[in-house]
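Novice: Numbering (my numbering), first residue to last: 965 to 1060.
Glycine included, each C-beta is placed from N, C-alpha and C at the ideal position.
One structure coming up, written as C-alpha cells, with questions to follow.
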Amino acid sequence: VMGHFSRRFNSQRFAIYDEVHHVLGMSEHGRWQLVRTDCVDVGTRAREEDEMQDSWKRFYQALSIDERYHPELRRQFMPMRLWRNITEVRDEAHSL
965 VMGHFSRRFN
975 SQRFAIYDEV
985 HHVLGMSEHG
995 RWQLVRTDCV
1005 DVGTRAREED
1015 EMQDSWKRFY
1025 QALSIDERYH
1035 PELRRQFMPM
1045 RLWRNITEVR
1055 DEAHSL
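This is the structure:
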C-alpha cells in the first residue's frame, strides 16, 4: 500500500497507520518507511479538514438514491468494522 500511495502522492508528506498490526507507514518526497509502534498521536486536525469532511458528506448524500438504498449489500461491500474510519458513514456507525 505504501509503495502505491508514495508514487501517487510523491510531493506530499503522509502517514498510514495499521491499527491491527501496529505499523506506521510514513512517506516524504516519494520515499517511505515502516515503523512498528503501539500508539500514534496525530495531533490536531487542520481547519480545512472539517470543511473537507463536511463537503465529502454532502457530495456523498447528493449522489445517493434513496430508492436504491440496500443496507445488506452495503455491509457486504463495506464491512461495518471499517465504518468508523470512513467519513461518509462514520455518523451512521455511531447511531447503530
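(1) So, helix, strand or coil for R972, using DSSP?
(2) Between the segment 991-998 and the segment 970-981, do at least 3 Cβ pairs fall closer than 8 Å?
(3) Pop quiz: R1000 and V987 are said to be a contact at Cβ under 8 Å. What is the actual Cβ separation, rounded to whole angstroms?
(4) What span of residues does the beta strand (DSSP E) with M1016 cover, start to end?
(5) What residue from V1053, P1043, T1008 has the CA that sits closest to S1028's CA?
Specialist: The relevant details are as follows:
(1) In this structure, DSSP gives R972 a helical state, which the three-state scheme calls helix.
(2) Under the 8 Å Cβ criterion, the segment 991-998 counts as touching the segment 970-981, having at least three qualifying pairs.
(3) About 6 Å separates the two Cβ atoms, so the contact holds.
(4) Where M1016 is concerned, there is no enclosing beta strand (DSSP E), although the alpha helix (DSSP H) it sits in stretches over 1011-1027.
(5) The option with the nearest alpha carbon to S1028 is V1053.
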